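Following: one structure in structure tokens, then a few remarks.
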Amino acid sequence: MELGWLLCGTAVLLLLHVLMELSPAVNFALRIGFYCVLCLVSSALAAAACLLVNGGRTVKNMRIIKAVVKTFKYFFGLRFEVKGLENFEVEGPAIIVSNHQSILDMMGLMEVLPDNCVQVGKKELMYTGTVGLIIYLGGVIFINRKSTSSAKMVMAEVAKTMAAENLKVWVYPEGTRNCTGDLLPFKKGAFHLAVQAQVPVIPVVYSSFTTFYNPKTNLFTSGKIKVEILPPIETKGLTSDDVTDLTDRCFHTMRETLFRLSGRPSEAKDSS
Ligand SMILES: CCCCCCCC/C=C\CCCCCCCC(=O)SCCNC(=O)CCNC(=O)[C@H](O)C(C)(C)COP(=O)(O)OP(=O)(O)OC[C@H]1O[C@@H](n2cnc3c(N)ncnc32)[C@H](O)[C@@H]1OP(=O)(O)O
Ligand SMILES: CCCCCCCCCCCCCC(=O)OC[C@@H](O)COP(=O)(O)O
């Protein structure tokens, strides 16, 4: 009886292995599937730990989430090379902005996440089962991207509470995932928030995933990700009239950094 199960299990594993070798699509789907299952199962376990240790929704839970997620990279052969962590050491709250390439980003996020930092996320993430639960428990701020006015209201509320709670807020200013090796134009919410709260903006740039990850071509191998935390951009004295300039400045600095980290010639060099 037991031998039968063992043989059956071995056969299934062998079959999966052969399928993975034969088809990049199967290989990719299995790796992403494994990532999702890993997230769902770890979220359930971490949620229990968060509830036991901290009792409910609080940014303190991010420490637990971070400790769990930091182990994920070993399953996928990912390595992170981090520079500029000292730039997070600003006095008081700040807005952190970074590029957003894939659902894999939350590994890179947790690799460098400073204390007392929550992310802004789309509200649909609440409905991803245990993952939604852990994101909720971590204190993530949910916004409705389809309604600028309600998103603005949520962000204005955050601007008020940041100082009181000494919070850093992590925003993906592209507003969606983008895995082309370039940046999408930035939305302005993060920069309005920084100006309203009069706190610095700290840009964080992750090198392009294109060499090891591309859902269009079913590419997902091991790889190295360079991360750079750039010096804070001060916003003291800026008003809402300065938000467009601040957004542009940050966009150009991050784009240059992205190209440098990814070994891609910058626009300036292109045209010369
Ligand atoms: C233990 C195991 C666990 C495993 C599981 C993992 C657990 C991990 C745990 C935790 C990780 C959590 C990871 C979460 C990741 C989430 C990622 C996402 O979901 S990314 C998508 C959502 N995020 C955004 O969209 C933000 C960026 N977007 C913005 O900031 C936008 O600006 C937004 C939504 C506020 C409005 O978007 P618009 O599409 O309407 O575009 P605009 O051009 O920016 O705004 C329109 C007009 O409104 C003004 N405006 C915008 N914000 C304003 C404001 N706050 N005040 C005044 N005016 C504002 C602008 O200036 C613009 O006006 P003028 O064109 O300049 O005239
Ligand atoms: C029941 C379904 C379970 C699904 C489990 C999914 C596990 C992955 C968890 C990673 C959380 C990272 C959040 C993230 O990266 O969300 C994407 C949004 O930022 C951007 O949204 P979009 O590009 O506009 O769709």
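So the sequence shown is numbered by our numbering: it starts at 112 and just counts up by one. Note that CB positions come from ideal geometry on N, CA and C, so glycine has one too. None of these values were measured; they are calculated from a predicted model.
Roughly how many angstroms separate the alpha carbons of V208 and Y283, rounded to a whole number?
Mapped onto the sequence shown, residue 208 falls at position 97. Mapped onto the sequence shown, residue 283 falls at position 172. When rounded, the distance between both Cα atoms is 6 Å.
Just the C-alpha distance for G392 and I252, rounded to the nearest angstrom, thanks.
Outside the displayed span of the chain (112 to 383) sits residue 392, for which this structure offers no information.
Taking the straight line between their C-alpha atoms, what separation do you get for F183 and D352?
Mapped onto the sequence shown, residue 183 falls at position 72. Mapped onto the sequence shown, residue 352 falls at position 241. About 43 Å.
Can you tell me where the beta strand (DSSP E) with S153 in it begins and where it stops?
Your numbering for residue 153 matches position 42 in the sequence shown. No beta strand (DSSP E) holds S153; the alpha helix (DSSP H) holding it covers 135–165.
Can you give the Cα-Cα distance for S377 and R371, rounded to whole angstroms?
Here residue 377 is taken as the residue at index 266 of the sequence shown, counted from 1. Here residue 371 is taken as the residue at index 260 of the sequence shown, counted from 1. Answer to the nearest angstrom: the Cα atoms are 7 Å apart.
Among all the DSSP beta bridges, which residues are the ones paired with R190?
Position 79 of the sequence shown, counted from the start, is the residue given in the question as residue 190. R190 pairs with K335.
Would you say E339 and T358 are within 7 Å of each other, going by their C-beta atoms?
As a first step, residue 339 is located in the sequence shown; it is residue number 228 there, counting from the start. As a first step, residue 358 is located in the sequence shown; it is residue number 247 there, counting from the start. Going by C-beta atoms, E339 is not nearer than 7 Å to T358.
Relative to ligand 2, is the shortest distance from any of its heavy atoms to the C-beta of C290 smaller than 6 Å?
Taking the sequence shown and counting its residues from 1, the one referred to as residue 290 is at position 179. No; taking the cut-off as 6 Å, the Cβ of C290 has no heavy atom of ligand 2 nearer than that.
Check S382 in the structure and name its three-state DSSP category.
Mapped onto the sequence shown, residue 382 falls at position 271. Only weak support is given to the placement of S382: the predicted model assigns it a pLDDT of 42, under 50, and the question is left unresolved by the model.
Please return the same chain residues whose Cβ sits closer than 8 Å to the Cβ of L330, not counting the five positions on each side in sequence.
Mapped onto the sequence shown, residue 330 falls at position 219. Around L330: P135, F139, F323, Y324.
Three Cβ pairs or more, each shorter than 8 Å: is that satisfied between the region 151–161 and the region 237–245?
As far as the Cβ criterion goes, the region 151–161 touches the region 237–245, which means the pair count is three or higher.
How big is the Cα-Cα spacing for V223 and V354?
Taking the sequence shown and counting its residues from 1, one reaches residue 223 at position 112. Taking the sequence shown and counting its residues from 1, one reaches residue 354 at position 243. Answer to the nearest angstrom: the Cα atoms are 27 Å apart.
Does ligand 1 have a heavy atom nearer than 6 Å to the CB of Y283?
On the sequence shown, residue 283 is found 172 positions in, with the first residue counted as 1. Flag set: Cβ of Y283 near ligand 1.
Quick check for students: name the residue ranges of the beta strand (DSSP E) that lie wholly in the region 264–302, counting only runs of 3 or more.
If we require 3 residues or more, the beta strand (DSSP E) runs fully inside the region 264–302 come out as 279–282.
Measuring from the CB of H363, is there a heavy atom of ligand 1 at a distance below 6 Å?
Working through the sequence shown from its first residue, we reach residue 363 at position 252. No, ligand 1 has no heavy atom inside 6 Å of this Cβ.
Is F109 helix, strand or coil by DSSP?
Any answer about residue 109 is impossible in this case: the structure gives the chain only from 112 up to 383.
At which residues does the beta strand (DSSP E) containing K177 begin and terminate?
Indexing the sequence shown from 1 puts residue 177 at position 66. K177 -> not in any beta strand (DSSP E); alpha helix (DSSP H) instead, spanning 172–180.
Do V316 and M273 have their CB atoms nearer than 7 Å?
Against the sequence shown, residue 316 aligns to sequence position 205. Against the sequence shown, residue 273 aligns to sequence position 162. No, the Cβ-Cβ distance between V316 and M273 is not below 7 Å.
Measuring only from the beta carbon, is V106 closer than 6 Å to any heavy atom that is part of ligand 2?
In the structure as shown, the chain starts at 112 and stops at 383, and residue 106 therefore has no counterpart that could be examined.
If I measure Cβ to Cβ from A267 and keep anything under 7 Å in the same chain, skipping five residues before and after, which residues do I get?
For this step, residue 267 is matched to residue 156 along the sequence shown. Only Q307 meet the Cβ criterion.
If you run the structure through DSSP and keep just helix, strand and coil, what is F253?
If you number the sequence shown from 1, residue 253 lands on position 142. In this structure, F253 counts as strand in the three-state DSSP scheme.
Return yes when the Cβ of K335 is within less than 7 Å of the Cβ of R142, no when it is not.
The count along the sequence shown starts at 1 and reaches residue 142 at position 31. The count along the sequence shown starts at 1 and reaches residue 335 at position 224. In this structure, K335 does not lie closer than 7 Å to R142 by Cβ.
Can you tell me whether DSSP reads S260 as helix, strand or coil?
Position 149 of the sequence shown holds residue 260. S260 falls in the helix class under three-state DSSP.
Answer yes if the region 212–229 comes into contact with the region 284–296, meaning at least three C-beta pairs across the two stretches below 8 Å, and no otherwise.
Touching, per the Cβ criterion.
Report back the beta-carbon spacing between G188 and S333 to the nearest angstrom; my notes put them in contact at under 8 Å.
Counted from its first residue, the sequence shown places residue 188 at position 77. Counted from its first residue, the sequence shown places residue 333 at position 222. G188 to S333, Cβ: 3 Å. Contact.
Which stretch, first to last residue, makes up the beta strand (DSSP E) that contains G232?
For this step, residue 232 is matched to residue 121 along the sequence shown. Taken as a continuous stretch (DSSP letters only), the beta strand (DSSP E) holding G232 covers 228–233.
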